[in-house]
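Structure first, then comments.
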Amino acid sequence: MDNVRDIMRSPERVLNSLNEHSKDSSYKFERLYRILFNEELFYVAYQKIASNGGSTTKGSDGRSIDEMSLARIETLIASLKDESYQPHPSRRVHIPKKNGKTRPLGIPAFEDKLVQEVVRMILEAIYEGHFETTSHGFRPKRSCHTALLHIQKTFSGAKWFIEGDIKGFFDNIDHDVLVGILRERISDDRFIRLIRKFLKAGYVEDWTFHNTYSGMPQGGIVSPILANIYLDKLDKYVKEYIRHFDMGTKRRPGKESNDLANERKRTVRKLKKIKDGTEKAALVARLKAIEQERAAFPSGDEMDGSYRRLKYIRYADDFILGVIGSKEDALRIKEDIKSFLSESLALELSEEKTLITHTGKSAKFLGYEITVTRNNHQRRDVQGRLRRTYGKRVRLNVSMATLRDKLLEYGAMEIKLRNGKEIWKPKCRSGLIFNDDLEILDRYNRETVGFCNYYLIANNCVVLHNFRYIMEYSMYKTFAGKYRSTVRKINKKYRLSKLFTVKYEQKGVIKSRTFYKTSFKRRTTAFNGSCDIEPYSIADVSRTNLTDRLKAEKCELCGATGKLIMHHVRNLKDLKGKESWKRLMSARKRKTIALCPSCHRLRHLGKV
Numbered sequence: 001m002d003n004v005r006d007i008m009r010s011p012e013r014v015l016n017s018l019n020e021h022s023k024d025s026s027y028k029f030e031r032l033y034r035i036l037f038n039e040e041l042f043y044v045a046y047q048k049i050a051s052n053g054g055s056t057t058k059g060s061d062g063r064s065i066d067e068m069s070l071a072r073i074e075t076l077i078a079s080l081k082d083e084s085y086q087p088h089p090s091r092r093v094h095i096p097k098k099n100g101k102t103r104p105l106g107i108p109a110f111e112d113k114l115v116q117e118v119v120r121m122i123l124e125a126i127y128e129g130h131f132e133t134t135s136h137g138f139r140p141k142r143s144c145h146t147a148l149l150h151i152q153k154t155f156s157g158a159k160w161f162i163e164g165d166i167k168g169f170f171d172n173i174d175h176d177v178l179v180g181i182l183r184e185r186i187s188d189d190r191f192i193r194l195i196r197k198f199l200k201a202g203y204v205e206d207w208t209f210h211n212t213y214s215g216m217p218q219g220g221i222v223s224p225i226l227a228n229i230y231l232d233k234l235d236k237y238v239k240e241y242i243r244h245f246d247m248g249t250k251r252r253p254g255k256e257s258n259d260l261a262n263e264r265k266r267t268v269r270k271l272k273k274i275k276d277g278t279e280k281a282a283l284v285a286r287l288k289a290i291e292q293e294r295a296a297f298p299s300g301d302e303m304d305g306s307y308r309r310l311k312y313i314r315y316a317d318d319f320i321l322g323v324i325g326s327k328e329d330a331l332r333i334k335e336d337i338k339s340f341l342s343e344s345l346a347l348e349l350s351e352e353k354t355l356i357t358h359t360g361k362s363a364k365f366l367g368y369e370i371t372v373t374r375n376n377h378q379r380r381d382v383q384g385r386l387r388r389t390y391g392k393r394v395r396l397n398v399s400m401a402t403l404r405d406k407l408l409e410y411g412a413m414e415i416k417l418r419n420g421k422e423i424w425k426p427k428c429r430s431g432l433i434f435n436d437d438l439e440i441l442d443r444y445n446r447e448t449v450g451f452c453n454y455y456l457i458a459n460n461c462v463v464l465h466n467f468r469y470i471m472e473y474s475m476y477k478t479f480a481g482k483y484r485s486t487v488r489k490i491n492k493k494y495r496l497s498k499l500f501t502v503k504y505e506q507k508g509v510i511k512s513r514t515f516y517k518t519s520f521k522r523r524t525t526a527f528n529g530s531c532d533i534e535p536y537s538i539a540d541v542s543r544t545n546l547t548d549r550l551k552a553e554k555c556e557l558c559g560a561t562g563k564l565i566m567h568h569v570r571n572l573k574d575l576k577g578k579e580s581w582k583r584l585m586s587a588r589k590r591k592t593i594a595l596c597p598s599c600h601r602l603r604h605l606g607k608v
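Given below as structure tokens:
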């Protein structure tokens with residue numbers, strides 16, 4: 001019989017207990033499945049999913065978060081208890097990629113999202129503390145920015161990049177290999193069977209059901225952490241590989257640097273013996289010249305075969321390695337990783353896309369172009385000696401091609417050729433001219449801020465001015481197209497204190513919003529809001545506002561007591577009409593309202 005105490009414990013205590021046990025790497029978890037009977041964990045999952053804009057999207061069963069009730073959770077838990085629970089196939093849609101192709105995305109049914117979120121919290125409590133620091137994808141307090149900045153910090157001096165690309169990773173995950181990895185720490189057949197159910201659930205596309213014999217749906221809540229558990233084996237393999245690959249404590253002195261150091265010693269000795277002022281001045285001048293020349297050369301011999309280093313970073317299924325060593329070393333590393341992926345994880349390393357690139361040229365990772373450049377800027381150290389400021393440091397760049405592709409994707413510009421040279425011209429986005437002024441401004445702000453914030457850690461982030469300029473003038477042209485006016489007249493109409501400003505009314509008060517302006521000063525730390533997963537899982541899993549409102553059993557429209565149903569809308573601006581429930585939601589600025597069955601029925605009939 002399942003332990004009632006575990007079922008009733010608070011989410012904080014449940015997850016903290018898992019986390020504590022996970023610190024013992026030999027500990028095996030035997031009774032995880034019963035945690036899925038804890039209603040409070042499902043309330044936390046409900047609140048988390050409700051905060052996601054996609055929660056109102058319907059799954060293959062035709063249901064969404066709308067019409068949520070405590071009874072739905074109770075029914076779901078009952079089906080888990082007798083193991084009759086069966087995930088619905090995900091609804092597959094295709095979303096565009098930067099290269100013009102599409103990526104399949106699976107949209108789970110809402111009940112499946114709830115179960116997956118609870119499973120995700122359980123797995124995170126067990127595995128998060130054991131993941132390697134080189135893994136940055138879909139983890140608390142980590143993001144693309146933390147991965148890129150870690151590369152900038154640790155790849156200094158690298159001579160070769162290995163750009164890793166696993167062929168069709170999410171489609172080719174071997175279910176048996178994954179289950180085998182899970183069984184190393186989890187000894188609970190019911191929990192493992194549940195994971196298998198998710199993996200085997202299949203998907204629906206164009207009204208046709210497809211089985212899944214391998215792979216994992218992109219879009220599933222539990223997919224990212226299962227992917228990290230799978231590829232943690234790669235992280236640990238590379239960590240051990242580095243331990244054997246790295247060699248030497250420091251490079252032997254370079255010939256040029258060594259020759260100049262010896263010349264300096266001879267010159268200093270000679271200087272001590274010379275009395276003649278003219279000859280002395282000449283030797284002092286030579287010493288200064290030697291300092292300048294030494295600072296221009298690396299102190300260590302870059303061809304020193306007895307000194308090697310290997311660095312590695314992974315984000316989801318993308319990874320990159322930096323090699324201080326020969327090209328032969330890089331080729332051997334690539335082949336060794338290819339063999340490990342094939343033999344241990346049943347994955348294939350793409351020969352065409354796994355590139356070995358000299359660090360003087362750019363490698364591509366997470367949308368950035370990465371190079372290692374020699375910088376001969378000089379400064380004096382505390383002892384007054386000239387030193388190069390940077391040496392061979394990593395640069396993170398955003399390419400003009402990246403700006404161009406995003407602006408074309410948004411439809412914000414057109415390209416004209418003049419004397420064989422591209423000329424970027426902002427253009428009106430005719431698809432937006434039927435939106436109201438605030439919606440147009442918000443759309444441009446959202447797109448501009450999102451793109452610029454992502455690339456604000458680039459060393460050449462000043463080029464983002466080009467992006468913002470095109471977006472700004474595309475917005476002017478869109479407003480001009482909407483009002484059949486000119487850019488000059490639109491600017492005159494909306495300009496306030498030198499800022500493009502849209503005024504709007506809210507509850508009888510005139511408010512205003514302006515177009516995004518910034519200096520594009522480079523950031524050297526990750527954005528607080530850029531983390532893939534906010535670290536709330538254990539610390540903040542308390543009772544939720546939505547659940548409290550359902551448990552209050554008081555209709556928020558008529559005040560009647562009893563069981564309630566939570567109605568959800570995607571956006572407050574969708575609440576158009578004079579119905580009382582819409583007016584109440586608008587007044588409270590809430591995208592949810594808890595209704596009794598009577599009011600819920602009347603809402604569907606359009607009578608409240």
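Sequence positions in the sequence shown follow full-length UniProt numbering and run 1 to 608.
Think of the CB as a built atom: it goes at the ideal place given N, C-alpha and C, for glycine as much as any other residue.
None of the values given here were measured: they were computed from a predicted structure.
- L550: not part of any beta strand (DSSP E); member of the alpha helix (DSSP H) spanning 545-551, first to last residue.
- The straight-line gap separating the alpha-carbon atoms of L355 and I225 is approximately 27 Å.
- Remark: C-beta atoms of I166 and L341 approach each other more closely than 9 Å.
- In the DSSP assignment, the residues bridged to N397 are E369.
- Rounded to the nearest whole angstrom, the C-alpha separation of N453 and G277 is 60 Å.
- Of the other Cβ atoms in all chains shown, fewer than 16 fall within 10 Å of the Cβ of L572; this residue is therefore exposed.
- Taking 8 Å as the upper bound for CB-CB distance, R443 and L456 are not in contact here, some 20 Å apart.
- The DSSP-derived three-state label of E579 is coil.
- The C-beta of A71 has fewer than 16 other C-beta atoms within 10 Å across all chains shown, which makes the residue exposed.
- DSSP, reduced to helix, strand and coil, places P104 within a strand of the structure shown.
- The beta carbon of G420 is closer than 7 Å to none in its chain, skipping five residues each way along the sequence.
- Looking at the backbone, the Cα of L148 and that of G157 are separated by about 16 Å.
- A direct Cα-Cα distance of roughly 8 Å separates D318 from F365.
- Taking the CA atoms as reference points, S22 sits about 29 Å from T154.
- The criterion of a C-beta distance shorter than 9 Å is satisfied by V398 and V463.
- Of the residues D548, V179, R308, the one whose Cα lies closest to the Cα of D246 is R308.
- Where L226 is concerned, the enclosing alpha helix (DSSP H) starts and stops at 223-245.
- With the rule of 3 Cβ pairs closer than 8 Å, the segment 67-87 counts as touching the segment 98-115.
- In the DSSP annotation of this structure, the continuous segment of the beta strand (DSSP E) that includes D318 starts and ends at 318-324.
- By the CB criterion at 9 Å, G137 and N228 fall inside the cutoff.
- Beta-bridge annotation (DSSP): S90 is paired with Y203.
- Residue state for S51 is assigned as coil, using DSSP reduced to three classes.
- Y27 sits away from F191, with the two beta carbons spaced by 9 Å or more.
- Between R92 and L76, the C-beta gap is not smaller than 9 Å, which leaves the two residues out of contact.
- DSSP places G220 in the coil class of the three-state scheme, outside both helix and strand.
- Residue pairing by DSSP places R495 opposite F500 in a beta bridge.
- In the structure shown, K477 adopts helical secondary structure according to DSSP, grouped into three states.
- Residues of the same chain with a CB within less than 6 Å of the CB of V449, apart from the 5 flanking positions on each side, are Y516 in chain order.
- Straight across, the Cα-Cα distance linking D336 with F161 is about 15 Å.
- R429 has its alpha-carbon roughly 6 Å from the corresponding atom of G411.
- Selection V118, K141, A125 evaluated against T525 yields K141 as nearest (Cα-Cα).
- Taking a cut-off of 8 Å on C-beta distances, the segment 590-608 touches the segment 559-568, as three or more cross pairs fall below it.
- A direct Cα-Cα distance of roughly 14 Å separates L347 from Y237.
- Nearest in C-alpha terms to N19, of all of R488, S586, E128, is E128.
- In this structure, the straight-line span from the alpha carbon of V502 to that of R513 is close to 5 Å.
- The Cβ atoms of S187 and E30 sit closer than 9 Å to each other.
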